[in-house]
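The next block holds one structure in the form of structure tokens; read it before the comments.
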Amino acid sequence: MRKKVILVTGASGEIGQALITHLAERGNNNILAIDIRPVPEPLRSMCQISIVGDILDTALFERLVSEYAIQSIYHLAALLSTRAEFTPEAAHRINVEGTLNLLHLAIEQSRWQGRSVKFLFPSSVAVYGLPDLETKTKVSKIKENQFTKPSTMYGCNKLYCENLGRYYARHYRQLATDPEPYGVDFRSIRFPGLISAATLPSGGTSDYAPEMLHHAAQGKAYAAFVRPDTRIPFAAMPDAVKAVLQLAAAPRKNLKHLVYNIGSFSLSAAEIKERMLRYYPNAQISFTPDDNRQGIVDSWPADVDDTFARQDWGWQPDYDAARAFDEYLIPTISERYAN
Ligand code: SER
Numbered sequence: 014m015r016k017k018v019i020l021v022t023g024a025s026g027e028i029g030q031a032l033i034t035h036l037a038e039r040g041n042n043n044i045l046a047i048d049i050r051p052v053p054e055p056l057r058s059m060c061q062i063s064i065v066g067d068i069l070d071t072a073l074f075e076r077l078v079s080e081y082a083i084q085s086i087y088h089l090a091a092l093l094s095t096r097a098e099f100t101p102e103a104a105h106r107i108n109v110e111g112t113l114n115l116l117h118l119a120i121e122q123s124r125w126q127g128r129s130v131k132f133l134f135p136s137s138v139a140v141y142g143l144p145d146l147e148t149k150t151k152v153s154k155i156k157e158n159q160f161t162k163p164s165t166m167y168g169c170n171k172l173y174c175e176n177l178g179r180y181y182a183r184h185y186r187q188l189a190t191d192p193e194p195y196g197v198d199f200r201s202i203r204f205p206g207l208i209s210a211a212t213l214p215s216g217g218t219s220d221y222a223p224e225m226l227h228h229a230a231q232g233k234a235y236a237a238f239v240r241p242d243t244r245i246p247f248a249a250m251p252d253a254v255k256a257v258l259q260l261a262a263a264p265r266k267n268l269k270h271l272v273y274n275i276g277s278f279s280l281s282a283a284e285i286k287e288r289m290l291r292y293y294p295n296a297q298i299s300f301t302p303d304d305n306r307q308g309i310v311d312s313w314p315a316d317v318d319d320t321f322a323r324q325d326w327g328w329q330p331d332y333d334a335a336r337a338f339d340e341y342l343i344p345t346i347s348e349r350y351a352n
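Okay, so the sequence shown: first residue is 14 according to this note's numbering, each after it adds one.
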């Protein structure tokens, strides 16, 4: 008998750490975690097994399926948007070929298990590409089918992988004489910028918000790499995890789409600074825009329309801006740096 496991890739990343903590708290003691970096304690002891491995290593997956029956896949490993611009081809390999390897694993597992294996995939507001600030202001809350013309390698990768997900869910080997009886149960969320009190992102372009917070909480000066009027949507990490688990739990028949926006709050960089000063009156926050990174954030929407997520699976954030800072970010981060 092969052991039944939940596979989490990118387990040492920001969403990975938060998701594993929640899955373990809900009594899941069968997590198989993979990351290119070792999974940190105490997370490692929440997993049945944690592996330091590369999602491009197909031999690794062959070994895994001989030992484990993979029940569902949370494929979180990726190279984020800023880092991807320095090594676009490497980003493509990790973000696209890596995802293809996981989708292939999922379809094989579906065939063997005689059911569709669930595949949760974090996409991003980086799939959008607004041509100019005037359009960004006019559009305001973007819908899933608008302006999907990304200007970054990361955005291109995420958008294409959403389409790959659709292919593996509905059309895999559609001309074969023995077509696939079970597709992959692909479900994806286009995340806004995420802010966690527990971890810092690395290599993203929405990082100015969490960096502002983590610097202010430690009494360190910070120069944001964007203009004060820069506005994109954000969500607190507990809401991001809640969204993934809620979408994973939704009955398939309720899901009319494979890819969903989720919104929580939209703040300008100046408004985030203003909030920081309320809690940390001595915070030293300045703005030194980096034209290139600014260009990327300017191409992302100011906010998202998440009507479909609300309709199909009852999405509702727990944290608006006030609650996110008052009840989650500030108390948790203050405690963290006090220790
Ligand atoms: N927040 C991510 C980044 O900045 C996008 O998903 O790269």
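The C-beta atom is built at its ideal place from N, Cα and C for all residues, glycine as well.
Next item on the list: Determine, using beta carbons only, whether Leu-118 and Pro-314 come nearer to each other than 8 Å.
Entry: No, the pair does not count as a contact, with Cβ atoms beyond the cut-off.
Next item on the list: Please report the Cβ distance between Ala-249 and Ile-202, rounded to the nearest whole angstrom; I am assuming they are in contact, meaning their Cβ atoms lie under 8 Å.
Entry: 15 Å between Cβ atoms; not a contact.
Notebook entry, point to check: Which one of Leu-20, Arg-291, Arg-200 has the shortest CA to CA distance from Leu-133?
Noted result: Arg-200
Margin query: Let me see if you follow: with CB-CB separation under 8 Å, is Leu-146 close to chain E or not?
Written below: The structure shown has no chain E; it contains just one protein chain.
Check: Hey, is Phe-204 close to ligand 1, as in C-beta under 7 Å from one of its heavy atoms?
Finding: Yes, ligand 1 has a heavy atom inside 7 Å of this Cβ.
Note to self: Looking at Gly-29: is its Cβ nearer than 8 Å to the Cβ of Val-18?
What the structure shows: no
Notebook entry, point to check: CB-CB under 7 Å to Ala-91, same chain, minus the five flanking residues each way: which ones, in chain order?
Noted result: Gly-23, Ile-107, Asn-108
Next item on the list: Please report how far the alpha carbon of Tyr-195 lies from the alpha carbon of Leu-89, in whole angstroms.
Entry: Tyr-195 and Leu-89 have their alpha carbons spaced roughly 23 Å apart.
Note to self: Bridge partners for Pro-135 per DSSP, in chain order?
What the structure shows: Ile-202
Notebook entry, point to check: Measuring CA to CA, which of Ala-97, Asn-114, Asn-43 is closest to Ile-83?
Noted result: Asn-43
Margin query: Whole angstroms are fine: how far does the CA of Ser-281 sit from the CA of Val-272?
Written below: 26 Å
Note to self: With DSSP as the reference, identify every bridge partner of Lys-162, one or two as the case may be.
What the structure shows: Partner(s): none; Lys-162 has no beta bridge.
Item checked: Run of the alpha helix (DSSP H) containing Leu-77, from where it starts to where it stops -> Unbroken alpha helix (DSSP H) run through Leu-77: 71-80.
Notebook entry, point to check: Among Ser-279, Thr-301, Ile-346, which one has its Cα closest to the Cα of Ala-335?
Noted result: Ser-279
Check: Are there 16 or more other CB atoms within 10 angstroms of the CB of Arg-244, so buried, or fewer, so exposed?
Finding: Counting the other CB atoms within 10 Å of its CB gives Arg-244 a total of 16 or more, which places it among the buried residues.
Notebook entry, point to check: Under the DSSP definition of a beta bridge, which residues are partnered with His-88?
Noted result: Thr-22
Margin query: Is Asp-191 close to ligand 1? I mean its beta-carbon at under 7 Å from any heavy atom of the ligand.
Written below: Here the distance from the Cβ of Asp-191 to the nearest heavy atom of ligand 1 is not below 7 Å.
Next item on the list: Over the uninterrupted alpha helix (DSSP H) stretch that includes Leu-32, give me the two end residues.
Entry: 27-38
Notebook entry, point to check: Hey, quick one: how far does the beta strand (DSSP E) through Val-272 stretch, first residue to last?
Noted result: 272-274
Checklist line | Nearest-angstrom Cα separation, counted from Ile-33 out to Arg-50 | finding: 15 Å
Notebook entry, point to check: What is the DSSP secondary structure of Lys-269, reduced to helix, strand or coil?
Noted result: If DSSP states are grouped into helix, strand and coil, Lys-269 belongs with coil.
Item checked: Three-state secondary structure (DSSP) of Ile-245 -> strand
Next item on the list: With Asp-331 as the anchor, note down where its beta strand (DSSP E) starts and where it stops.
Entry: Segment: none, Asp-331 is in no beta strand (DSSP E) and carries neither H nor E.
Notebook entry, point to check: Do three or more CB pairs link the stretch 234-241 to the stretch 291-308 at distances below 8 Å?
Noted result: yes
Margin query: Once DSSP output is grouped into helix, strand and coil, what is the label at Ala-230?
Written below: Helix, per DSSP.
Note to self: Between Tyr-173, Val-197, Leu-226, which has its C-alpha nearest His-184's C-alpha?
What the structure shows: For His-184, the closest of Tyr-173, Val-197, Leu-226 by C-alpha to C-alpha distance is Val-197.
Margin query: Please report the distance separating the alpha-carbon of Gln-122 from that of Lys-171.
Written below: 23 Å
Item checked: Residues bridged to Tyr-235 [DSSP beta-bridge criterion] -> Ile-298
Next item on the list: Taking 8 Å as the cut-off, decide whether the C-beta atoms of Leu-93 and Tyr-167 are in contact.
Entry: yes
Notebook entry, point to check: Cβ-heavy atom distance between Gly-111 and ligand 1 below 7 Å?
Noted result: no
Margin query: Could you check if Asp-220 belongs to the surroundings of ligand 3, using beta carbon to heavy atom distance under 7 Å?
Written below: With respect to ligand 3, the structure shown offers nothing to examine, as its ligands consist of ligand 1.
Check: Mind checking whether the beta-carbon of Ser-209 lies closer than 7 Å to any heavy atom of ligand 1?
Finding: no
Next item on the list: Provide the residue(s) that pair with Leu-260 in DSSP beta bridges, ordered along the chain.
Entry: Looking at the DSSP assignment, Leu-260 forms no beta bridge with any residue, so it has no partner.
Check: Nearest to Tyr-293 by CA position, among Leu-36, Ile-68, Ala-229, is which residue?
Finding: The shortest C-alpha to C-alpha distance from Tyr-293 to any of Leu-36, Ile-68, Ala-229 is the one to Ala-229.
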